[in-house]
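Numbering (our numbering), first residue to last: 36 to 305.
All residues carry an ideal CB built from backbone N, CA and C; glycine is no exception.
Working notes, beginning with the structure itself.
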Ligand SMILES: NC(=O)c1ccc[n+]([C@@H]2O[C@H](COP(=O)([O-])OP(=O)(O)OC[C@H]3O[C@@H](n4cnc5c(N)ncnc54)[C@H](O)[C@@H]3O)[C@@H](O)[C@H]2O)c1
């Protein structure tokens, strides 16, 4: 779709971790809906791929979401390249590969906590702080990527589940603090095969969730809808929440699109 058309025509969005997986799918769809995107991402290769795919509709900023300075630089890049900011998508995350509390040494727990909460919670908060003023000027919105683990156990281990539950608190409190000028919402997707990594402090920095979920069968078993979704299957709620017209009344909401809260019915007897 050409610039100027689409459900997000003319909007400027900032997506953290937009280089792969769900963040990349959100960027691709937002651009297809007529938006321009700025991406804060730590991987230079992934930023190169984005540039190749989208040219000047996407501005890449290499940096780390755990740095306030990098978040501020990303917002400044979005404002200077595209004239302002309409949506901030906090999305970069780490997983703990389902490690149970008692399966971790005290050192893994201590350092894994710092690293995982640094990205999943502090990263979202610093991004929100950096983006708030620019969003207020345009009556924009924030959208955080949470997870089924923000609402239920078993979507990760204790660190990931606690970090995503903290994301629900960020949504509730920031929606309150930033009203009425900025809407703040979240999308809680279920599992999907992406490049999602773990903390280096738990020796999981080079392991990808796709290594653990090589086929869709394991995902299907958790889904009430018998689905093994891809990242692209989850992007429509982001379009809805970013659109002022389509979600003018929505703030403080966590859209659970994971299909794991409703238990799956047992297979019929053969
Ligand atoms: N994959 C799943 O099963 C699943 C399920 C539910 C929720 N999620 C959530 O989706 C979000 C996106 O994850 P994904 O599955 O697409 O994984 P992904 O690894 O493919 O994408 C995350 C991106 O964030 C970048 N990133 C990581 N740490 C960063 C940092 N400190 N600074 C800057 N960039 C950083 C990575 O380079 C990567 O490009 C995460 O918040 C994750 O918790 C994933």
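Check your understanding: Which residues in the same chain as residue 157 place their Cβ atom closer than 7 Å to its Cβ, once the five residues preceding and following it in sequence are excluded?
Key -> 101
Check your understanding: How long is the line joining the alpha carbons of residue 154 and residue 61, rounded to whole angstroms?
Key -> In a straight line, the C-alpha of residue 154 is about 19 Å away from that of residue 61.
**Study point:** For residue 123, the three-state DSSP class (helix, strand or coil)
**Key:** DSSP places residue 123 in strand when its eight states are reduced to three.
Point to revise | residue 279: CB within 7 Å of a non-hydrogen atom of ligand 1 | key: Residue 279 has its CB no nearer than 7 Å to any heavy atom of ligand 1.
Practice item. State the start and end residues of the unbroken beta strand (DSSP E) segment that holds residue 290. Key: 289-291
Exercise for review: For residue 389, I'd like the list of residues in its chain whose CB is within less than 7 Å of its CB, leaving aside the five on either flank, ordered along the chain.
Suggested key: Shown here, the chain extends from 36 to 305; a query on residue 389 therefore has no answer.
Review point. Got a sec, what are the start and stop residues for the alpha helix (DSSP H) residue 57 sits in?
Key: Going by DSSP, residue 57 is part of the alpha helix (DSSP H) stretching over 56-67.
Check your understanding: Can we say the stretch 73-88 touches the stretch 137-148, given the rule of at least three CB pairs closer than 8 Å?
Key -> no
Check your understanding: Where does residue 286 fall in DSSP's three states?
Key -> Coil, per DSSP.
**Study point:** In DSSP terms, what residue 49 is bridged to
**Key:** For residue 49, which the question treats as bridged, DSSP gives the partners 73 and 123.
**Study point:** residue 247 and residue 143 closer than 8 Å at C-beta
**Key:** no
**Study point:** Cα-Cα separation, residue 254 to residue 208
**Key:** When rounded, the distance between both Cα atoms is 32 Å.
Exercise for review: With distances taken Cα to Cα, identify the nearest neighbour of residue 54 among 80, 265 and 116.
Suggested key: 80
Review point. Cα-Cα, which of 266, 188, 244 and 219 is closest to residue 284?
Key: When C-alpha distances from residue 284 are compared across 266, 188, 244 and 219, the shortest belongs to 219.
Practice item. Could you say which of 177, 117 and 182 lies nearest to residue 286 if we only look at CA atoms? Key: 177
Point to revise | Residues near residue 114 by beta carbon distance below 7 Å, same chain, minus five either side | key: 120 and 169
Check your understanding: Quick one: what does DSSP say residue 180 is sitting in, helix, strand or coil?
Key -> strand
Exercise for review: Express the C-alpha separation of residue 179 and residue 57 in angstroms, rounding to a whole number.
Suggested key: If you draw a straight line from the Cα of residue 57 to the Cα of residue 179, it is about 12 Å long.
**Study point:** Own chain, CB closer than 8 Å to residue 242, minus 5 neighbours either side, in chain order
**Key:** 132, 232 and 233
Review point. Ends of the alpha helix (DSSP H) at residue 96?
Key: Residue range 93-97 is occupied by the beta strand (DSSP E) that includes residue 96, with no alpha helix (DSSP H) assigned at that position.
Exercise for review: Entirely within the stretch 149-215 and at least 3 residues each: give me those beta strand (DSSP E) ranges in chain order.
Suggested key: 176-180
Point to revise | Coarse secondary structure for residue 222, derived from DSSP in three states | key: When secondary structure is reduced to three states using DSSP, residue 222 falls in the strand class.
Check your understanding: Would you say the beta carbon of residue 69 comes nearer than 7 Å to a heavy atom of ligand 1?
Key -> no
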